[in-house]
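> First the structure, which I've put down as structure tokens, then a few questions once you've had a look.
2 protein chains.
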Amino acid sequence: MRPSTASTSLRLRAVGIDTDAENVAYLARGCAACRIDALRAASKVAIRAEGALDDAEPLLAVLNVVDGAGIVGADELGLSQQAFVLLGLPEGTAVRIAPAPRPASLDGVRRKLQGEPLDLAAMRAIARDVVARRYTRSEIAAFLVACGRDDLERDEILALTRAMLETGERLDWREALVVDKHCIGGIPGNRTSMVVVPIVAAHGMLIPKTSSRAITSPSGTADTMEVLAEVELPMERIRRIVERERGCIAWGGTARLAPLDDLLISVERPLALDSPGLMVASILAKKLAAGSTRLLLDIPVGPSAKVRSLADAQRLRKTFEHVGRAMGLHVEVTITDGSQPIGRGVGPVLEARDVMAVLANDPEAPADLRAKSIRLAGRILEFDPDVRGGDGEALARDILESGRAAAKMAAIVDAQGRRPVPLAPGRLVAEITAPRDGRVTGYDHLRLARAARHAGAPASPGAGLDLFVRLGDAVRAGRPLYRLHAETPGELDLARRWCEADPGIAIA
Amino acid sequence: MRPSTASTSLRLRAVGIDTDAENVAYLARGCAACRIDALRAASKVAIRAEGALDDAEPLLAVLNVVDGAGIVGADELGLSQQAFVLLGLPEGTAVRIAPAPRPASLDGVRRKLQGEPLDLAAMRAIARDVVARRYTRSEIAAFLVACGRDDLERDEILALTRAMLETGERLDWREALVVDKHCIGGIPGNRTSMVVVPIVAAHGMLIPKTSSRAITSPSGTADTMEVLAEVELPMERIRRIVERERGCIAWGGTARLAPLDDLLISVERPLALDSPGLMVASILAKKLAAGSTRLLLDIPVGPSAKVRSLADAQRLRKTFEHVGRAMGLHVEVTITDGSQPIGRGVGPVLEARDVMAVLANDPEAPADLRAKSIRLAGRILEFDPDVRGGDGEALARDILESGRAAAKMAAIVDAQGRRPVPLAPGRLVAEITAPRDGRVTGYDHLRLARAARHAGAPASPGAGLDLFVRLGDAVRAGRPLYRLHAETPGELDLARRWCEADPGIAIA
Numbered sequence: 001m002r003p004s005t006a007s008t009s010l011r012l013r014a015v016g017i018d019t020d021a022e023n024v025a026y027l028a029r030g031c032a033a034c035r036i037d038a039l040r041a042a043s044k045v046a047i048r049a050e051g052a053l054d055d056a057e058p059l060l061a062v063l064n065v066v067d068g069a070g071i072v073g074a075d076e077l078g079l080s081q082q083a084f085v086l087l088g089l090p091e092g093t094a095v096r097i098a099p100a101p102r103p104a105s106l107d108g109v110r111r112k113l114q115g116e117p118l119d120l121a122a123m124r125a126i127a128r129d130v131v132a133r134r135y136t137r138s139e140i141a142a143f144l145v146a147c148g149r150d151d152l153e154r155d156e157i158l159a160l161t162r163a164m165l166e167t168g169e170r171l172d173w174r175e176a177l178v179v180d181k182h183c184i185g186g187i188p189g190n191r192t193s194m195v196v197v198p199i200v201a202a203h204g205m206l207i208p209k210t211s212s213r214a215i216t217s218p219s220g221t222a223d224t225m226e227v228l229a230e231v232e233l234p235m236e237r238i239r240r241i242v243e244r245e246r247g248c249i250a251w252g253g254t255a256r257l258a259p260l261d262d263l264l265i266s267v268e269r270p271l272a273l274d275s276p277g278l279m280v281a282s283i284l285a286k287k288l289a290a291g292s293t294r295l296l297l298d299i300p301v302g303p304s305a306k307v308r309s310l311a312d313a314q315r316l317r318k319t320f321e322h323v324g325r326a327m328g329l330h331v332e333v334t335i336t337d338g339s340q341p342i343g344r345g346v347g348p349v350l351e352a353r354d355v356m357a358v359l360a361n362d363p364e365a366p367a368d369l370r371a372k373s374i375r376l377a378g379r380i381l382e383f384d385p386d387v388r389g390g391d392g393e394a395l396a397r398d399i400l401e402s403g404r405a406a407a408k409m410a411a412i413v414d415a416q417g418r419r420p421v422p423l424a425p426g427r428l429v430a431e432i433t434a435p436r437d438g439r440v441t442g443y444d445h446l447r448l449a450r451a452a453r454h455a456g457a458p459a460s461p462g463a464g465l466d467l468f469v470r471l472g473d474a475v476r477a478g479r480p481l482y483r484l485h486a487e488t489p490g491e492l493d494l495a496r497r498w499c500e501a502d503p504g505i506a507i508a
Numbered sequence: 001m002r003p004s005t006a007s008t009s010l011r012l013r014a015v016g017i018d019t020d021a022e023n024v025a026y027l028a029r030g031c032a033a034c035r036i037d038a039l040r041a042a043s044k045v046a047i048r049a050e051g052a053l054d055d056a057e058p059l060l061a062v063l064n065v066v067d068g069a070g071i072v073g074a075d076e077l078g079l080s081q082q083a084f085v086l087l088g089l090p091e092g093t094a095v096r097i098a099p100a101p102r103p104a105s106l107d108g109v110r111r112k113l114q115g116e117p118l119d120l121a122a123m124r125a126i127a128r129d130v131v132a133r134r135y136t137r138s139e140i141a142a143f144l145v146a147c148g149r150d151d152l153e154r155d156e157i158l159a160l161t162r163a164m165l166e167t168g169e170r171l172d173w174r175e176a177l178v179v180d181k182h183c184i185g186g187i188p189g190n191r192t193s194m195v196v197v198p199i200v201a202a203h204g205m206l207i208p209k210t211s212s213r214a215i216t217s218p219s220g221t222a223d224t225m226e227v228l229a230e231v232e233l234p235m236e237r238i239r240r241i242v243e244r245e246r247g248c249i250a251w252g253g254t255a256r257l258a259p260l261d262d263l264l265i266s267v268e269r270p271l272a273l274d275s276p277g278l279m280v281a282s283i284l285a286k287k288l289a290a291g292s293t294r295l296l297l298d299i300p301v302g303p304s305a306k307v308r309s310l311a312d313a314q315r316l317r318k319t320f321e322h323v324g325r326a327m328g329l330h331v332e333v334t335i336t337d338g339s340q341p342i343g344r345g346v347g348p349v350l351e352a353r354d355v356m357a358v359l360a361n362d363p364e365a366p367a368d369l370r371a372k373s374i375r376l377a378g379r380i381l382e383f384d385p386d387v388r389g390g391d392g393e394a395l396a397r398d399i400l401e402s403g404r405a406a407a408k409m410a411a412i413v414d415a416q417g418r419r420p421v422p423l424a425p426g427r428l429v430a431e432i433t434a435p436r437d438g439r440v441t442g443y444d445h446l447r448l449a450r451a452a453r454h455a456g457a458p459a460s461p462g463a464g465l466d467l468f469v470r471l472g473d474a475v476r477a478g479r480p481l482y483r484l485h486a487e488t489p490g491e492l493d494l495a496r497r498w499c500e501a502d503p504g505i506a507i508a
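Taken in order, these protein sequences are the chains called A and B. The letter at position 22 of the first sequence is residue 22 when you use the working numbering, and the numbering goes up by one with no holes. The letter at position 108 of the second sequence is residue 108 when you use the working numbering, and the numbering goes up by one with no holes.
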């Protein structure tokens, strides 16, 4: 094939296009390299430095052919941002290209598509190739669909977890007991981590919490914490903070802990695939990579939660425990009530307000957020061999009521970098009222979350909603159910129209 | 959400990047529109002209965020080539963008993933959205994987065929009998269409053959015909040629006959999915779109062919017949011997040489290519109500031996545009020899095809291989099995090393 001849030498050029999980190579149409057999738009090419050995691992990228001027010249090979970084060669380097070999691990994807379970070797090979960006987004989608269709067997979930862990970095805190807390998500508000971490750290246990930003929700723990302090911290700084304070609440994206998971999620999210097996591997791999040894996992169950029946929750619990045990992570699952939001605020600023009210022992603080946080913190405190079983909750309450949790939170916020000017809730408001008299009988979590997003959360931190009613409350027609906060009239209007069509709270 | 406010108006710009089946939108990082919640690299955006109604169907595109200068400015929205054409607005038009709604037809993909069959309405909705480029390549992959996994039921294949046909143009030849011939492929050489078409057209039947170029093989019928004549002809010219000559052998890609199929193939090919159901829909939709009323379909069966057992071939035959009948296309299937290549040459020039030798009644012409072509042509001639059943083959032989087929081929070549200077086989040659004494017991079609591609076919038309031995022949160690032809030393060397590792011909 022509690529093997010397005639296709090209000069490397960085093209400042962010193509996310997929490497893209840009070639000028009509250039000599473009005439290579088997190269066409959207085919995959293999890229090596001129003079590199044939058996050196090439960079693979999807080919985009360029007609316009200014992006690549006829003797240039352009690479998208991530691909350029991955190749690691300076601009102007002589490179050659060839049709890409099919990643051998795709045979595993194919077998999985035919219904065969994948073993550890196959999962490892897939993980390695995905992380090295040798898969196109379509190939990643094929893998995800293959995994999601009949869901994964337990041993496959274990193999995927291991493969995820092996392809990323892993933190080592050099302590025997490193605790963590995670919720599978789906419940508006529910910002318990920001109460639990200061309680547990105040007790002296190591709880280096790395959190995510919102993907489809109105706020992730990292977004809410960012209302108070910096969360995008270099790993070394996180390490120093945790050494001094025993805890942190930082964004996990800066550490390259589970790059495979990040790549899978970037394809999975738009496809809206729903695979419990992938979720278990994703959560446990991140926790293991973060160096946790004991994890308290919150599975809320409710009619509009991610898990809708106790039977499903029990099944999921067993899978978490099984995989965790095999990987050396003690997982304790708590199945909680997911029938209504936790706390009043939904959106970064409004949630942070609730958290700080709980920590300040404000009598007006949301009782449900306080109670749930104490319960979860108590369970974690009992991971400490010096805390007697059953004493955790009382201890957690004491740490909170004594003000030690609030002091610890202040210290963590200062260490991470306190936001100089506090943020306020969005100044534009609209109240959404009950359409009739009756009692609150249910919440549509997705609808409420979308309402908060329409209002601008999390991009506008002050946007979101403030809930006034709880399950079972009597309401009167025309009285407010919740208040929308936004920062622009357009967003307020969009959210209001959304809520007026259906407020997401059932009244009967 | 911010997109609904007026602040995100952008000026449209054409970015000359060919992104194949996927629309891509380019936005400068940090521009106002980029700050829209839910917009991030690789998410999908909806694009409308400023002032367009909210319920106007937007163009959907995958977002690539641009850091470099020169591609898009801060107030511009760039679109890749196909996306720009599809939007159909001039550069500089004010447009606004918003997070893309999820195409509703993805619910069908999701149901299919869960094992439910898809009905015509669901297939139609998917087809419409794919052709309008509302699917990302990942979403198309999810659909293909869903279809391929347990393969499609007959009614689903029928629904997909209908949906493919409805989303493209359709030729109407205004005659009751329009014949065609198709082979499902996979056999090196086997260039029977170029003998069959002149025989059938010389008899006066209408056979407007549109062929494909090689995708993974060393040559498609269009590539081989291009050795002799132009094949990329505008539809109007094909129509005039067919009116005068009753037949043609042109490339089918210039007519927009089955755009859905083209899009599916562009994603399916790199994934190397293997779904008989998708293949049946793809072939029949193209034939129906080309205006055929009667189709002879060649299914070669052999140990390294696409179909490996007679039982599989029979099953495939029934599916073709069933779907064809329901769509008003009479399909006659012929199951042929696919245990060895047909003809001697593999690669455009070498195959064209074999075809012309058969048409010229050259005694040295490959007997298998001649015999198979006469048999197939005979079956098609019997579609003519004036030809008695069983007489077709004798009639075909007579048309060939009388020189009328050769004369018809000359007329078709002249009408399409004869290549002024004939092409010769690649001037660099290497003989691949038998490693031991014995008899030829089998052919590895894929390996021989790869050998011809390594030698440069089809991009170098003279490249390929010339076979000297047939199944059952006695061979001596060191005597040639075939000769490689190439046009560059690098390609010859690559092909030779490939063949010397394993010649693709079994000797025992």
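Using N, Cα and C, we set each Cβ at its ideal position, and we do this for glycine too.
1. Between A/G185 and A/S211, is the Cβ-Cβ spacing less than 8 Å?
2. Whole alpha helix (DSSP H) runs in the stretch 432-472 of chain B with 4 or more residues, listed along the chain?
3. Could you pull the DSSP bridge partners for B/L587 from this structure?
4. Chain E partners of B/G70, CB-CB under 8 Å?
5. When you compare only the Cα positions, how much space is there between A/R11 and A/A501?
6. On the DSSP letters alone, give me the boundaries of the alpha helix (DSSP H) that A/C248 sits inside.
7. DSSP has B/S211 in a bridge; who is on the other side?
8. Taking just the CA atoms, how far does B/L264 sit from B/G134?
9. Between which residues of its own chain and A/D493 is the CB-CB distance below 7 Å, once the five residues before and five after are set aside?
10. So, helix, strand or coil for A/H322, using DSSP?
11. Tell me, to the nearest whole angstrom, how far the beta carbon of A/D337 is from that of A/P366; I am working on the premise that it is less than 8 Å.
12. Would you call the CB atoms of A/I47 and A/L59 closer than 8 Å?
13. Nearest chain A C-beta to B/V227 closer than 8 Å, yes or no?
14. By how many angstroms is the C-alpha of B/T161 removed from the C-alpha of B/G403?
15. Of the choices B/P99, B/Q82, B/S43, B/H445, whose alpha-carbon is the least far from that of A/R450?
16. Identify every residue that forms a DSSP beta bridge with A/D18.
17. Could you list which residues in chain A have their beta carbon closer than 7 Å to that of B/G16, in chain order?
18. Straight-line CA distance for A/A394 to A/D150?
19. What do you reckon, are the CB atoms on A/A94 and A/G108 nearer than 8 Å?
20. Run through the DSSP bridge pairs and tell me what A/Y135 is partnered with.
21. Hey, how far is the Cα of B/E268 from the Cα of B/A141?
22. Along the alpha helix (DSSP H) that carries A/I157, what are the first and last residues, could you check?
23. I'd like the ranges of any alpha helix (DSSP H) spanning at least 4 consecutive residues and lying wholly in the stretch 83-152 of chain A.
24. Taking all protein chains shown into account, do 16 or more other C-beta atoms lie within 10 angstroms of the C-beta of A/D437, making it buried, or fewer, making it exposed?
25. Kindly examine the ligand ZN and report whether one of its heavy atoms sits closer than 7 Å to the Cβ of A/R447.
26. By Cβ distance, which residues of its chain are closer than 7 Å to B/V200, with the 5 residues on each side in sequence left out?
27. What three-state label does DSSP hand A/P198 in the structure shown?
28. Is the shortest distance between the beta-carbon of B/L271 and the beta-carbons of chain A less than 8 Å?
29. I'd like to confirm the pairing. Which residues does DSSP put opposite A/H485 in its beta bridges?
30. Label B/I505 either buried or exposed according to how many other C-beta atoms from any shown protein chain fall within 10 Å of its C-beta, with 16 as the threshold for buried.
31. Whole angstroms are fine: how far does the CA of A/D384 sit from the CA of A/D391?
32. Under three-state DSSP, which class holds A/S7?
33. Below 6 Å CB to CB, which residues in the same chain sit around A/V358 once its five sequence neighbours on both sides are set aside?
34. In the DSSP assignment, the alpha helix (DSSP H) including A/A393 goes from what residue to what residue?
35. According to DSSP, is A/R2 part of a helix, a strand, or is it coil?
A quick look at the data gives this:
1. Translated into the one-based positions of the first sequence, residue 185 of chain A becomes position 185. Translated into the one-based positions of the first sequence, residue 211 of chain A becomes position 211. No.
2. Runs found: 445-454.
3. No information on residue 587 of chain B is available, as it lies outside the stretch 1 to 508 that chain B covers here.
4. Structure shown: chain E not included; protein chains present are A and B.
5. Numbered from 1 along the first sequence, position 11 holds the residue referred to as residue 11 of chain A. Numbered from 1 along the first sequence, position 501 holds the residue referred to as residue 501 of chain A. A/R11 and A/A501: Cα-Cα distance of roughly 57 Å.
6. Counting from 1 along the first sequence, the entry for residue 248 of chain A is found at position 248. That residue, A/C248, is in no alpha helix (DSSP H); its beta strand (DSSP E) goes 247-251.
7. Start at 1 with the first residue of the second sequence, and residue 211 of chain B comes out as number 211. According to DSSP, B/S211 bridges with B/W251.
8. The sequence position of residue 134 of chain B within the second sequence is 134, counting from 1. The sequence position of residue 264 of chain B within the second sequence is 264, counting from 1. The question names Gly, but residue 134 of chain B in the sequence shown is Arg. Using only the alpha carbons, I get a separation of about 13 Å.
9. Here residue 493 of chain A refers to the residue found at position 493 of the first sequence. Once the five neighbours on either side are set aside, A/D493 has no close Cβ partner at all.
10. Position 322 of the first sequence, counted from the start, is the residue given in the question as residue 322 of chain A. Three-state result, A/H322: helix.
11. Stepping through the first sequence from its first residue, residue 337 of chain A is reached at position 337. Stepping through the first sequence from its first residue, residue 366 of chain A is reached at position 366. Their Cβ separation, rounded to whole angstroms, is 14 Å, which puts A/D337 and A/P366 out of contact at 8 Å.
12. Your numbering for residue 47 of chain A matches position 47 in the first sequence. Your numbering for residue 59 of chain A matches position 59 in the first sequence. Their beta carbons are under 8 Å apart, which means A/I47 touches A/L59 by this criterion.
13. Residue 227 of chain B sits at position 227 when you count from the first residue of the second sequence. Not an interface residue.
14. Here residue 403 of chain B refers to the residue found at position 403 of the second sequence. Here residue 161 of chain B refers to the residue found at position 161 of the second sequence. Distance between the alpha carbons of B/G403 and B/T161: 39 Å.
15. In the first sequence, counting from the first residue as 1, residue 450 of chain A sits at position 450. Nearest option by C-alpha distance: B/P99.
16. As a position in the first sequence, residue 18 of chain A is number 18, starting the count at 1. Looking at the DSSP assignment, A/D18 forms a beta bridge with B/V65.
17. Sequence index remark: in the second sequence, residue 16 of chain B carries index 16 (1-based). Contact note: B/G16 reaches chain A through V66, D67, G68, using a C-beta cutoff of 7 Å and chain order.
18. Here residue 394 of chain A is taken as the residue at index 394 of the first sequence, counted from 1. Here residue 150 of chain A is taken as the residue at index 150 of the first sequence, counted from 1. So the two alpha carbons sit approximately 44 Å from each other.
19. Taking the first residue of the first sequence as 1, we reach residue 94 of chain A at position 94. Taking the first residue of the first sequence as 1, we reach residue 108 of chain A at position 108. It is not a contact, given that the beta carbons lie outside the stated cut-off.
20. In the first sequence, counting from the first residue as 1, residue 135 of chain A sits at position 135. DSSP lists no partner for A/Y135.
21. Sequence index remark: in the second sequence, residue 268 of chain B carries index 268 (1-based). Sequence index remark: in the second sequence, residue 141 of chain B carries index 141 (1-based). Spanning the two alpha carbons is a distance of roughly 7 Å.
22. Translated into the one-based positions of the first sequence, residue 157 of chain A becomes position 157. First-last of the alpha helix (DSSP H) with A/I157: 154-166.
23. 106-113, 120-131, 137-149
24. Residue 437 of chain A sits at position 437 when you count from the first residue of the first sequence. Exposed, since its Cβ has fewer than 16 Cβ neighbours within 10 Å.
25. With respect to small molecules bound, the structure shown includes none, and the ligand ZN cannot be examined in it.
26. As a position in the second sequence, residue 200 of chain B is number 200, starting the count at 1. Once the five neighbours on either side are set aside, the close Cβ partners of B/V200 are V179, I207, G247, A377, I380, L381.
27. Taking the first sequence and counting its residues from 1, one reaches residue 198 of chain A at position 198. It is helical.
28. On the second sequence, residue 271 of chain B is found 271 positions in, with the first residue counted as 1. Taking Cβ atoms only, chain A reaches closer than 8 Å to B/L271, which makes this a yes.
29. As a working mapping, residue 485 of chain A is identified with position 485 in the first sequence. Answer by DSSP bridge pairing, in chain order: A/V429, A/G464.
30. Indexing the second sequence from 1 puts residue 505 of chain B at position 505. Label assigned to B/I505: buried.
31. Here the question's residue 391 of chain A lines up with position 391 in the first sequence. Here the question's residue 384 of chain A lines up with position 384 in the first sequence. So the two alpha carbons sit approximately 11 Å from each other.
32. Looking up residue 7 of chain A in the first sequence gives position 7. In this predicted model, A/S7 has a pLDDT of only 44, less than 50, meaning its place in the structure is not dependable enough to derive any value.
33. In the first sequence, counting from the first residue as 1, residue 358 of chain A sits at position 358. Within the same chain, A/V358 has close Cβ partners V195, A365, L369, R370.
34. In the first sequence, the residue the question calls residue 393 of chain A occupies position 393. Note on residue identity: the sequence assigns Glu, not Ala, to residue 393 of chain A. Residues 392-401.
35. Your numbering for residue 2 of chain A matches position 2 in the first sequence. Note on A/R2: pLDDT 36, under 50, position unreliable in the model; no value is reported.
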